[in-house]
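Working notes, beginning with the structure itself.
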Amino acid sequence: MATYTSSTPQQFFGQLPEQTDVLIIGGGVIGTCTAYWLAQKGVSVTLCEKGRVAGEQSSRNWGWIRQQGRDAAELPITMESNRLWKQLTEETGEDLGFRQQGVYFLAENEEELKSYEAFLEIAKQHQLDTELLSAEEVYAQIPGRKGKWVGGMVTPSDGRAEPWVAVPAIGRAAERNGATIVEECAVRTLEFEGGKLTGAVTEKGTIKANRVLIAAGAWSSLFAQNLGVSMPQLCVRATVAATQVAPDIFKGDAADGTFAFRKREDGGFTLAVSDIHDHYIGKDSFRHLAKWLPAVKASFKGISFGLNPPKNYPDSWAHRRSWTGDEVTPFEKCRVLNPAPNPRAIKRIQERLYDRFPQLRGLKFEETWAGMIDAMPDFVPIMDEVPTQQGVFIATGFSGHGFGIGPAAGRIMADMLMGKPAGYDLTRFRYSRFSDGSKIELGPFI
Ligand SMILES: Cc1cc2nc3c(=O)[nH]c(=O)nc-3n(C[C@H](O)[C@H](O)[C@H](O)COP(=O)(O)OP(=O)(O)OC[C@H]3O[C@@H](n4cnc5c(N)ncnc54)[C@H](O)[C@@H]3O)c2cc1C
Numbered sequence: 009m010a011t012y013t014s015s016t017p018q019q020f021f022g023q024l025p026e027q028t029d030v031l032i033i034g035g036g037v038i039g040t041c042t043a044y045w046l047a048q049k050g051v052s053v054t055l056c057e058k059g060r061v062a063g064e065q066s067s068r069n070w071g072w073i074r075q076q077g078r079d080a081a082e083l084p085i086t087m088e089s090n091r092l093w094k095q096l097t098e099e100t101g102e103d104l105g106f107r108q109q110g111v112y113f114l115a116e117n118e119e120e121l122k123s124y125e126a127f128l129e130i131a132k133q134h135q136l137d138t139e140l141l142s143a144e145e146v147y148a149q150i151p152g153r154k155g156k157w158v159g160g161m162v163t164p165s166d167g168r169a170e171p172w173v174a175v176p177a178i179g180r181a182a183e184r185n186g187a188t189i190v191e192e193c194a195v196r197t198l199e200f201e202g203g204k205l206t207g208a209v210t211e212k213g214t215i216k217a218n219r220v221l222i223a224a225g226a227w228s229s230l231f232a233q234n235l236g237v238s239m240p241q242l243c244v245r246a247t248v249a250a251t252q253v254a255p256d257i258f259k260g261d262a263a264d265g266t267f268a269f270r271k272r273e274d275g276g277f278t279l280a281v282s283d284i285h286d287h288y289i290g291k292d293s294f295r296h297l298a299k300w301l302p303a304v305k306a307s308f309k310g311i312s313f314g315l316n317p318p319k320n321y322p323d324s325w326a327h328r329r330s331w332t333g334d335e336v337t338p339f340e341k342c343r344v345l346n347p348a349p350n351p352r353a354i355k356r357i358q359e360r361l362y363d364r365f366p367q368l369r370g371l372k373f374e375e376t377w378a379g380m381i382d383a384m385p386d387f388v389p390i391m392d393e394v395p396t397q398q399g400v401f402i403a404t405g406f407s408g409h410g411f412g413i414g415p416a417a418g419r420i421m422a423d424m425l426m427g428k429p430a431g432y433d434l435t436r437f438r439y440s441r442f443s444d445g446s447k448i449e450l451g452p453f454i
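Heads up: take any position in the sequence shown, counting from 1, add 8, and you land on this note's numbering.
Structural data, given as structure tokens:
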């Protein structure tokens, strides 16, 4: 259902042109939405994807489109994104699975309930429809085990979409607007003449371009390192399970302290636990350790560490960190990053499903999978032009919330690439915040 591999049929067969105004590296939700908005404005845009459009994080996520609980600087952008999901559904003429049935946070004690107040204040400032729920109100909407939750917080305008359907559909619409999307086309490196960006070398040949967007998800840092551009991006593996068609007990998205569930359009639930994530220690883990210390201190619980990243992974010890355009790169050696799910997480998901919803005991999993979530040490993305390399833009590090914000992040990057104002103060998302001596300000972990 949601798991793409290299043998998933190819969907995009664009031919690499000799020249393009904007080259996008990566066909996740960020690259694909950027291509959509650029093509809609008549800009010539080419998107190269090493494997499958939405093959990695952008099809493996929970599908939540969430304004609730977001970083104050991200909130207005997620609110725009929420509107754009509706607009995209109308403009593409395709059912992206977008449904506004609310995101609920469920408190297991009074302290958790109290912790929601800080976000309520931010929500009020932005006229967002977030509200607190009593235990009775929670149970009236979510028929879980009595006594588990003491109350909650809900944003009814929040919603979901079906990731593996939505992103390729936006890609098809981008093509209809004139974008070229080339799958099985890893970009190896960028080319410069006299310090000026002139284009890129891909495994299918060279392409001239004077503006490039790196939207390569978990691979962005590795790609950038080869250009001498450093960013402290690291990844964690997150495991997900999808049940078979389930009784229709709840239509929204919800999470308590350790368990998340949401109804899918096909009638099953997508489930996960939030206290098992795996980080494979590679070279970058050491390189960026100092930057990550505040995040590790705040969210250490629940992260387990593995010493040996599988050999094709972005931060594998086996990768060289520099190469030329003539060499086969790590990007083409791993068409689709498809980590095995963590069996411990699967077991815990099942236990918690039956604990929260005893009436669903016996409900089977139809599929389990994992994805590598890429993040920055403050849990908010970079959306910026690299100050030292004119024409090279980066949109990456969206943590566990890049799917929902994708349409607005793509709109922002499209405007930035066209030299237009993005409509927001993007200081929080600047590339240089990790090197200009600023203190790391942690955003919300999820
Ligand atoms: C288990 C899980 C649950 C999540 N749940 C949610 C959720 O409910 N809501 C939410 O908003 N977000 C969620 N997220 C996060 C969200 O999925 C990501 O933030 C988002 O998909 C990132 O999109 P992206 O376009 O940056 O990266 P990706 O989707 O990873 O896309 C990057 C693409 O770049 C390609 N690429 C890399 N290098 C090259 C190269 N050199 N040449 C060509 N192509 C290249 C890759 O193949 C890949 O397809 C979740 C993530 C995971 C893994």
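Idealized CB from N, CA, C, for every residue including glycine.
Who are the Cβ neighbours of residue 399 in its own chain at under 7 angstroms, not counting the five residues just before and after it?
Cβ within range, chain order: 205, 218, 219 and 220.
Could you tell me which whole beta strand (DSSP E) segments of length 3 or greater appear in the segment 192-267?
195-201, 204-210, 213-216, 219-222, 242-251 and 261-263
With a Cβ-Cβ cutoff of 8 angstroms, do residue 322 and residue 198 count as a contact?
No, these two residues do not count as a Cβ contact at 8 angstroms.
What are the start and end residues of the beta strand (DSSP E) that includes residue 379?
Counted as a single uninterrupted DSSP element, the beta strand (DSSP E) harbouring residue 379 occupies residues 373-383.
Let me check you understand the geometry: is the CB of residue 93 closer than 7 angstroms to at least one non-hydrogen atom of ligand 1?
no
Sorted by chain position, which residues of the same chain lie with C-beta nearer than 6 angstroms to residue 278's C-beta, five sequence neighbours on each side aside?
Answer for residue 278: 70, 250, 270 and 272, listed in chain order.
In three-state DSSP terms, what is residue 56?
strand
Reducing DSSP to helix, strand and coil, say where residue 45 ends up.
Three-state DSSP puts residue 45 in a helix.
Would you call residue 168 buried or exposed, if buried means 16 or more other Cβ atoms sit within 10 Å of its Cβ?
buried
Is residue 243 a contact residue of ligand 1, with contact defined as CB to any heavy atom under 7 angstroms?
Short note on residue 243: C-beta not closer than 7 angstroms to any heavy atom of ligand 1.
Do you know whose CA, among 20, 45, 16 and 51, lies nearest residue 29's CA?
51
Residue 394: buried (16+ other C-beta within 10 angstroms of its C-beta) or exposed?
buried
Nonlocal neighbours in the same chain, by C-beta distance under 8 angstroms from residue 49, ignoring five residues either side
422 and 426
Do residue 433 and residue 153 have their C-beta atoms closer together than 8 angstroms?
Taking 8 angstroms as the Cβ cut-off, residue 433 and residue 153 do not qualify as a contacting pair.
Out of 385, 180, 136 and 115, which one is the CA nearest neighbour of residue 21?
180
State the Cα-Cα distance for the pair residue 40 and residue 155, rounded to the nearest angstrom.
44 angstroms
Using a Cβ-Cβ cutoff of less than 7 angstroms, which residues in the same chain neighbour residue 404 once the five nearest sequence positions on both sides are dropped?
Annotation for residue 404: 222, 223, 224, 225, 228, 241, 382, 389 and 390 place their beta carbon closer than 7 angstroms to its own, counting only its chain and skipping 5 residues before and after.
Buried or exposed, going by whether 16 or more other CB atoms sit within 10 Å of the CB of residue 463?
The requested residue 463 is not part of the displayed model; the chain covers only 9 to 454.
Could you give the C-beta distance for residue 357 and residue 280, rounded to a whole number, given that I count them as a contact under 8 angstroms?
6 angstroms
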